[in-house]
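A.B. asks: First the structure, which I've put down as structure tokens, then a few questions once you've had a look.
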Amino acid sequence: GELARLFSQLGFRRSGKHRSKAVERWSQGKVELVINCETDGFAHSHYVTHGPGVCAIALDVDNAGLAMQRAETLKTRTFYQPVGPGELEIPAIHGVGGSLLYFLDQAGKNWDTDFETITSDAAPDALLAVDHIAQSMPYDEMLSWLLFYTGILDLKRLPQMEIADPRGLVQSQAIINADQSLRFVLNGSSANRTLPARFISEFFGSGVQHVAFTCEDIFATVAAMRARGADFLDIPDNYYDDIEAKYDLSPDLMAQLRANHILYDREGDGEFFQVYTHIFDERFFFEIVERRNYQGFGAANAGIRLAAQSREVRPVSMPRL
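Residue numbering for the sequence shown follows our numbering, starting at 277 and increasing by one per position.
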């Protein structure tokens, strides 16, 4: 389907087929994505309610039993559903918008047990890992979910940012673990026409707004993706005029940024490059980033991105067909 085509354009390979279910595994670098086409069970219920979207996130932890024990101690809602013959039971809890958080401590074994391997021509992995996951929620839920993540996953909060959307202000709260291998960004707005609020409306509830992947060479990565048919969010020319004046970048670098719709930020001696896919079915999108000694999330570019996306989405007054 359309989602599998997008995964393929981004360089993911179909690497596994579930032994007993209509579920596919797509892999690249350390990133594992799953497309679930089952007609019953939790994923199907989530699809019926929300449409296409991220219904579950799997976290690689040292000890899944201990992670689950901590969650239960904090009175978190746990999740169980029947498993088929030979399938592993993976501990899970309910998270943002009713989605699931799975705890994996033997990730390789889980894949080998539940999936048959599909071998394909191994193109080089351009995407290395998940950089961060951004979730949209009503502003008045942000504190609750912040406490959820910091309590269960021992994440620390970064300073909260206020971002200008063309239709109102958006509050953005990043939370990270000690080695920055796990990053969430929580976005909330009390203005009901901002892009995060629109996502909540289209998605019929809180959920994952976008997933960002990290790479080593964003220009080569984007070129390879374009060659496979990928297309990226249009960024207005005046943005590039502004950063050229602000950072005194070389003409060659400026030309590459403009041609590939890549956004740029700098903090001290750190540099950050980011590019966005178009929004999939008005519900979520992907981001590709390259970090060069940079710790932030490109907050200086968020307003530009939101404005560019707001030009692409269906007007509020227009019904969804």
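Here a beta-carbon is modelled for each residue, glycine too, at the ideal position from N, C-alpha and C.
Please read all numbers here as calculations on a predicted model, not as lab measurements.
Closer than 8 angstroms by C-beta to Leu279: which residues in its own chain qualify, once you throw out the five before and the five after it? Chain order, please.
C.D. replies: Excluding positions up to five away in sequence, the list reads Ile311, Pro328 and Phe556.
A.B. asks: Going by C-alpha distance, which of Val551, Leu525, Leu422 and Arg581 is nearest Asp507?
C.D. replies: Val551
A.B. asks: Since Gln382 is in the beta strand (DSSP E), which residue starts that stretch and which ends it?
C.D. replies: Careful: Gln382 lies outside any beta strand (DSSP E) and carries neither H nor E.
A.B. asks: Would you say the region 569-586 touches the region 448-461, given that touching needs at least three Cβ pairs under 8 angstroms?
C.D. replies: yes
A.B. asks: Going by CA-CA distance only, name the one from Gly277, Tyr515, Arg459 and Gln285 that's closest to Ala399.
C.D. replies: If we check each option's Cα against that of Ala399, Gln285 comes out closest.
A.B. asks: Would the beta-carbon of Cys491 fall within 8 angstroms of that of Leu350?
C.D. replies: no
A.B. asks: Which class does Ile394 belong to by DSSP, given the choice of helix, strand or coil?
C.D. replies: coil
A.B. asks: For Asp545 and Asn569, what's the separation of their Cα atoms in angstroms?
C.D. replies: 7 angstroms
A.B. asks: Does the count of Cβ pairs from the region 507-523 and the region 317-335 closer than 8 angstroms reach three?
C.D. replies: no
A.B. asks: Cα separation between Ala535 and Gly305?
C.D. replies: 26 angstroms
A.B. asks: Considering just the uninterrupted stretch of the alpha helix (DSSP H) at Asp336, what are its terminal residues?
C.D. replies: Taken as a continuous stretch (DSSP letters only), Asp336 belongs to no alpha helix (DSSP H), being part of the beta strand (DSSP E) at Ala332 to Asp336.
A.B. asks: Do the region 412-420 and the region 461-480 meet, that is, are 3 or more Cβ pairs less than 8 angstroms apart?
C.D. replies: yes
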